[in-house]
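Chains as they are written, first to last, in this note's numbering: chain V, 1 to 273; chain D, 274 to 691. Where is the CB? At the ideal position from N, CA and C, for every residue including glycine. Everything numeric in this text was worked out from a predicted model, so none of it was measured. A quick write-up on the structure given underneath.
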Amino acid sequence: MTASAMPAEQGTEPVLSLRGISKTFGAVAALTDVDLDVGPGQVVALVGDNGAGKSTLVKVLAGVHTADSGTITFEGREATIVSPHDAQALGIATVYQDLALCENLNVVENLFLGHELNKKRLDEVAMETRSWELLRELSAKIPTVRIPVASLSGGQRQTVAIARSLLGDPTLIILDEPTAALGVAQTAEVLNLIERLRERGHGVIMVSHNMADVQAVADVVCVLRLGRNNGVFNVDEISSEEIVAAITGASDNVVSQRARRRAGATPATPQEG
Amino acid sequence: MSQLETPAPVAHDRDDERLVGSHGLRGAVRGTVDRVRAGELGAVPVILGLVVICVVFQALNSLFLSSENLSNLLLESVPTGVIALGIVCVLLLGEIDLSVGSVSGVAGAILCVLFVNKGVPGVLAIVLALLVGVGAGALYSVIFNRLGVPSFVISLAGLLAFLGLQLALLGSQGAINLPFDSTLVKFAQLDFVPQAVALVIVLLIAGGLFATGFYNAQARHKAQLSGASNQLLLARSIAVLVIGLVAVFYLYSGGGRGIGWMFVFFLVLVMVMHYVFTRTGFGRSMFAVGGNEEAARRAGINVHRVYAAAFILCSTFAALGGVLASARLAAVNQQSGGADVNLNAIAAAVIGGTSLFGGRGSAISALLGILVIQAISNGLTLLNLNSSYRFMITGGVLLLAVAVDSVARRSRASSGRA
Chain V
1 MTASAMPAEQ
11 GTEPVLSLRG
21 ISKTFGAVAA
31 LTDVDLDVGP
41 GQVVALVGDN
51 GAGKSTLVKV
61 LAGVHTADSG
71 TITFEGREAT
81 IVSPHDAQAL
91 GIATVYQDLA
101 LCENLNVVEN
111 LFLGHELNKK
121 RLDEVAMETR
131 SWELLRELSA
141 KIPTVRIPVA
151 SLSGGQRQTV
161 AIARSLLGDP
171 TLIILDEPTA
181 ALGVAQTAEV
191 LNLIERLRER
201 GHGVIMVSHN
211 MADVQAVADV
221 VCVLRLGRNN
231 GVFNVDEISS
241 EEIVAAITGA
251 SDNVVSQRAR
261 RRAGATPATP
271 QEG
Chain D
274 MSQLETPAPV
284 AHDRDDERLV
294 GSHGLRGAVR
304 GTVDRVRAGE
314 LGAVPVILGL
324 VVICVVFQAL
334 NSLFLSSENL
344 SNLLLESVPT
354 GVIALGIVCV
364 LLLGEIDLSV
374 GSVSGVAGAI
384 LCVLFVNKGV
394 PGVLAIVLAL
404 LVGVGAGALY
414 SVIFNRLGVP
424 SFVISLAGLL
434 AFLGLQLALL
444 GSQGAINLPF
454 DSTLVKFAQL
464 DFVPQAVALV
474 IVLLIAGGLF
484 ATGFYNAQAR
494 HKAQLSGASN
504 QLLLARSIAV
514 LVIGLVAVFY
524 LYSGGGRGIG
534 WMFVFFLVLV
544 MVMHYVFTRT
554 GFGRSMFAVG
564 GNEEAARRAG
574 INVHRVYAAA
584 FILCSTFAAL
594 GGVLASARLA
604 AVNQQSGGAD
614 VNLNAIAAAV
624 IGGTSLFGGR
634 GSAISALLGI
644 LVIQAISNGL
654 TLLNLNSSYR
664 FMITGGVLLL
674 AVAVDSVARR
684 SRASSGRA
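Below is the structure:
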């Protein structure tokens, strides 16, 4: 087990670096002294068990919650994020796990919500054209963009949510379990997309429970456990078992026991988290 | 809305093989039928309701559809219609304002006190009366946004408080008359659009409808998106033209005084609000907040500001409605804005098709809804039935409208349009 804290060495100056972020809800310390670095063109997988503080950290970065203490440095400057608007203004786009779409609005309206083109006389044609471009880029299987989001499937909604985060050309994109509700082909598409984001130089934070996805696209794995850092690893130098060990806090854990019981001795990639 | 004239290059938004084709006029009709089946009723139930009401009352009293009565009905519907327009703003957010009646009464009282008793110039008196509406909405929105008190309770408190203010303003005399020769009273009672002008207005509306439709369709075709076909646009404009011309000729024939300027003013307000709701970023953010407040907040919309704007718009429209009501009556008294004004305005918005649950509705619903309410009230008055029946029947119609909305919601849910 190589749980030595290893900061992101890749790239030059990190896009985002967090130092000592803490957040409590009443008597519960959701985050305690969390550090995190994301470089340009780097995909950081944020992993941890349920209740490890992943979603809280994401919400702090997105401006939904405000950190109680700690510093956020964005593109070399110290930043304060107290509202979703602040986060967007900095260039942080977030795709939430509980999809933040308005069901009564159609796809185009949702994509451009809050950033409509020409707010005094909405430019529907330009917005629809741009929507089709984006959806094509993501190979989205959405038959028409003029139906309410309520009539789309979970995967289609996830695609809309991801497409929306790309509209503002953000520096850092946070994906909260981007593949949780997706089919096989759409998962692959999203992973391709994440790689494309990296090529374009975006920093990406991906929250995931799926070790296969993490191994497939992440550069760095940052493990949270009970609201604290529990190791930062280069993904090339760590196996799925070691990540799981860091997540659960022991090398002898439920997942490894199962793997041993199966006795197959194949270097197991755990199926589900 | 999605027709394609030339099938050759497939538009970006029509190339998915799962899309059932809808071409030309027939496709448009079939599309509409499908939408209604799926629960996107739009204005269909209200218009059907209006037709039924007209047939019933005409059968009971042949004066109902006389041009004279219809001219009067249109004018009579304006003050509450304006208030209903404000109600649509708050209903879109899933909120409610129960104090619109009282606010309208206070605005009328302030207008009359300033204009008649204090000799303040008319325009200034109107502006000050409207400012009371702005103030009421601003106060509600501060309480709503800062303290999180439900709008139902805030406006219930406002209902009582503003009723008290109205009584205090009117003092012991209890009523103030507006002079009949004032411009405001003439505007509300006597100023009718000359027939020629009314015809020109109808032509302009039909022409404008075609021009904007054509312009939009061209822009969409240029961007390789499907747009409405010229056939469809032409058919729609001709329908509007024919209906408009028939209405104008009828209203100006046989003793009818035609269309009042105040009604035209109301139509303009409805069109402006329709534009705001459907074509501006602000309107879109209202629908977003009404549909999913958290999603709107995360999208960077200043939700508090949207609430504030809606409450202020609602109270200001209520004050404007109060000013028009006192002009229409040429007086303000202790009953102004009381009794059924509140409920009629809310009922009008809901009957017209604005959902009580937020996120669905239109400015047109205020117009259609108030026509239903006013037609019922007018028809019953012609039958010499007193207000007890009017209340009962209006209550029944309101229940029916909400029931239709609920059934439509269910069928929307089952056909995935939620």
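Item to check | Proximity test, Cβ basis, 8 Å: D/His-285 and chain V | outcome: Reading the second sequence from its first residue, position 12 is the one you call residue 285 of chain D. For D/His-285, at least one C-beta of chain V is nearer than 8 Å to its own C-beta.
Next on the checklist: Using a 10 Å radius around the Cβ and a threshold of 16 neighbouring Cβ atoms, would you call V/Ala-245 buried or exposed?
Outcome noted: Along the first sequence, one-based indexing puts residue 245 of chain V at 245. Counting C-beta atoms within 10 angstroms of its own C-beta, V/Ala-245 has 16 or more neighbours from the protein chains shown and is therefore classed as buried.
Item to check | Contact under 8 Å by Cβ, V/Ala-161 with V/Leu-138 | outcome: As a position in the first sequence, residue 161 of chain V is number 161, starting the count at 1. As a position in the first sequence, residue 138 of chain V is number 138, starting the count at 1. No.
Next on the checklist: I'd like to know whether the C-beta atoms of D/Thr-353 and D/Ala-618 end up nearer to each other than 8 Å.
Outcome noted: As a working mapping, residue 353 of chain D is identified with position 80 in the second sequence. As a working mapping, residue 618 of chain D is identified with position 345 in the second sequence. In this structure, D/Ala-618 lies closer than 8 Å to D/Thr-353 by Cβ.
Checklist entry - Three-state secondary structure (DSSP) at D/Ala-490? => result In the second sequence, residue 490 of chain D corresponds to position 217, counting from 1. Here D/Ala-490 sits in helix by DSSP.
Checklist entry - In three-state terms, what does DSSP make of V/Asn-50? => result The count along the first sequence starts at 1 and reaches residue 50 of chain V at position 50. Here V/Asn-50 sits in coil by DSSP.
Item to check | CB contact below 8 Å: D/Glu-567 versus chain V | outcome: By one-based count along the second sequence, residue 567 of chain D stands at place 294. At least one beta carbon of chain V lies nearer than 8 Å to the beta carbon of D/Glu-567.
Checklist entry - Whose C-alpha, out of D/Gly-642, D/Val-473, D/Ser-510 and D/Gly-611, is nearest the C-alpha of D/Ala-434? => result What you label residue 434 of chain D is simply residue 161 of the second sequence in a count that begins at 1. D/Ala-434 has its Cα closest to that of D/Gly-611, out of D/Gly-642, D/Val-473, D/Ser-510 and D/Gly-611.
Item to check | Stretch pair the segment 512-519 of chain D + the segment 473-484 of chain D: three plus CB contacts closer than 8 Å | outcome: With the rule of 3 Cβ pairs closer than 8 Å, the segment 512-519 of chain D counts as touching the segment 473-484 of chain D.
Checklist entry - Quick one, which residues of the segment 490-515 of chain D are near chain V if we go by CB-CB under 7 Å, in chain order? => result So the list reads Ala-492, Arg-493, Ala-496 and Leu-498, given in the order they occur along the chain.
Checklist entry - At a CB-CB cut-off below 8 Å, which residues of chain C make contact with V/Arg-121? => result Among the protein chains in the structure shown, which are V and D, there is no chain C.
Item to check | Residues that DSSP places opposite V/Met-206 in a beta bridge | outcome: Locating residue 206 of chain V in the first sequence gives position 206, where the first residue counts as 1. According to the DSSP secondary-structure assignment, V/Met-206 is paired through a beta bridge with V/Ala-45 and V/Leu-175.
Checklist entry - Within the 8 Å Cβ cut-off, does V/Gln-88 reach chain D? => result The residue you call residue 88 of chain V lines up with position 88 of the first sequence. Cβ-Cβ to chain D under 8 Å: yes for V/Gln-88.
Checklist entry - Start and end of the alpha helix (DSSP H) containing V/Arg-196? => result What you label residue 196 of chain V is simply residue 196 of the first sequence in a count that begins at 1. Residue range 184-199 is occupied by the alpha helix (DSSP H) that includes V/Arg-196.
Checklist entry - Does the separation of the CB atoms of D/Ile-643 and D/Ala-674 fall below 8 Å? => result For the purposes of this step, residue 643 of chain D is taken as residue 370 along the second sequence, with counting starting at 1. For the purposes of this step, residue 674 of chain D is taken as residue 401 along the second sequence, with counting starting at 1. No. Outside cutoff.
Checklist entry - Mind pulling the chain V residues with CB within less than 8 Å of D/Gly-573? => result Here the question's residue 573 of chain D lines up with position 300 in the second sequence. The contact set of D/Gly-573 on chain V, defined by CB atoms closer than 8 Å, consists of Pro-84, His-85, Gln-88, Gly-114 and His-115 in chain order.
Checklist entry - Given D/Met-274, which residues of its chain have a CB within under 7 Å of its CB, disregarding the five upstream and five downstream residues? => result For the purposes of this step, residue 274 of chain D is taken as the residue at position 1 of the second sequence. With a pLDDT of only 45 at D/Met-274, under the threshold of 50, the placement of this residue in the model should not be trusted, and no figure is reported.
Next on the checklist: Let me make sure I understand the geometry here. Which of D/Val-309, D/Ser-335 and D/Val-361 has the alpha-carbon closest to that of D/Leu-641?
Outcome noted: The count along the second sequence starts at 1 and reaches residue 641 of chain D at position 368. Relative to D/Leu-641, the option among D/Val-309, D/Ser-335 and D/Val-361 whose CA is nearest is D/Val-361.
Item to check | Proximity to D/Asp-289 [Cα-Cα], best of V/Val-125, V/Thr-73 and V/Trp-132 | outcome: What you label residue 289 of chain D is simply residue 16 of the second sequence in a count that begins at 1. Selected option, being the one with the closest Cα: V/Trp-132.
Next on the checklist: Which residues of the segment 321-353 of chain D have a Cβ closer than 7 Å to any Cβ of chain V? Give them in chain order.
Outcome noted: Along the segment 321-353 of chain D, there is no position whose C-beta sits under 7 Å from a C-beta of chain V.
Item to check | Neighbouring residues, chain V, relative to D/Arg-633 (Cβ below 8 Å) | outcome: Translated into positions along the second sequence, residue 633 of chain D becomes position 360. Asn-104, listed in chain order.
Checklist entry - Nearest to V/Val-95 by CA position, among V/Leu-117, V/Gly-168 and V/Glu-242, is which residue? => result In the first sequence, the residue the question calls residue 95 of chain V occupies position 95. Of the candidates V/Leu-117, V/Gly-168 and V/Glu-242, the one whose C-alpha sits nearest the C-alpha of V/Val-95 is V/Gly-168.
Checklist entry - Just how far apart, CA to CA, sit V/Val-190 and V/Ile-243? => result In the first sequence, counting from the first residue as 1, residue 190 of chain V sits at position 190. In the first sequence, counting from the first residue as 1, residue 243 of chain V sits at position 243. One C-alpha to the other measures close to 22 Å.
Checklist entry - Do three or more CB pairs link the segment 223-233 of chain V to the segment 42-50 of chain V at distances below 8 Å? => result Contact holds: three or more Cβ-Cβ distances are below 8 Å.
Checklist entry - Are there 16 or more other CB atoms within 10 angstroms of the CB of D/Gly-668, so buried, or fewer, so exposed? => result Position 395 of the second sequence, counted from the start, is the residue given in the question as residue 668 of chain D. Classification for D/Gly-668: exposed.
Checklist entry - Counting only beta-carbon atoms, is D/Phe-560 nearer than 8 Å to chain V? => result For the purposes of this step, residue 560 of chain D is identified with residue 287 of the second sequence, where counting begins at 1. For D/Phe-560, the nearest beta carbon of chain V is closer than 8 Å to its own beta carbon.
Checklist entry - Sorted by chain position, which residues of the same chain lie with C-beta nearer than 8 Å to D/Phe-664's C-beta, five sequence neighbours on each side aside? => result Position 391 of the second sequence holds residue 664 of chain D. The beta carbon of D/Phe-664 is closer than 8 Å to those of Asp-613 in its chain, skipping five residues each way along the sequence.
Checklist entry - Where D/Lys-391 and D/Gly-359 are concerned, what is the direct C-alpha to C-alpha distance, given to the nearest angstrom? => result Sequence index remark: in the second sequence, residue 391 of chain D carries index 118 (1-based). Sequence index remark: in the second sequence, residue 359 of chain D carries index 86 (1-based). Looking at the two C-alpha atoms, the distance is approximately 29 Å.
Checklist entry - Along chain V, which residues have their Cβ under 7 Å away from the Cβ of D/Gly-564? => result Stepping through the second sequence from its first residue, residue 564 of chain D is reached at position 291. Residues of chain V passing the Cβ test: Cys-102, Glu-103, Asn-104 and Leu-105.
Checklist entry - Got a sec: is the Cβ-Cβ distance from V/Val-64 to anything in chain D below 8 Å? => result Stepping through the first sequence from its first residue, residue 64 of chain V is reached at position 64. Yes, because at least one Cβ of chain D sits closer than 8 Å to the Cβ of V/Val-64.
Checklist entry - With DSSP run on the structure shown, which of helix, strand or coil describes V/Ser-22? => result Counting from one through the first sequence, the residue named residue 22 of chain V turns up at place 22. Strand, per DSSP.
Checklist entry - Nearest CA to the CA of V/Val-38: which residue from V/Thr-24, V/Ala-30, V/Leu-31 and V/Ser-17? => result For this step, residue 38 of chain V is matched to residue 38 along the first sequence. Cα-wise, what sits closest to V/Val-38 is V/Ser-17.
Next on the checklist: Buried or exposed, going by whether 16 or more other CB atoms sit within 10 Å of the CB of V/Gly-186?
Outcome noted: Here residue 186 of chain V is taken as the residue at index 186 of the first sequence, counted from 1. It should be noted that the sequence gives Gln, not Gly, for residue 186 of chain V. By the Cβ neighbour-count rule, V/Gln-186 is buried, with 16 or more other Cβ atoms within 10 Å of its own.
Checklist entry - Can you name, in chain order, every residue of its own chain whose Cβ lies under 7 Å from the Cβ of D/Ser-377, other than the five neighbours on each side? => result Looking up residue 377 of chain D in the second sequence gives position 104. So the list reads Ile-356, Ala-591, Ala-592, Gly-594, Gly-595, Ala-598, Gly-610 and Val-614, once near-sequence residues are dropped.
Checklist entry - Is V/Pro-143 near the ligand PLP, in the sense that its beta carbon is under 7 Å from a heavy atom of that ligand? => result The ligand PLP is absent from the structure shown, which contains no ligands of any kind.
Checklist entry - Start and end of the alpha helix (DSSP H) containing D/Asn-503? => result On the second sequence, position 230 is the one that residue 503 of chain D refers to. Taken as a continuous stretch (DSSP letters only), the alpha helix (DSSP H) holding D/Asn-503 covers 503-524.
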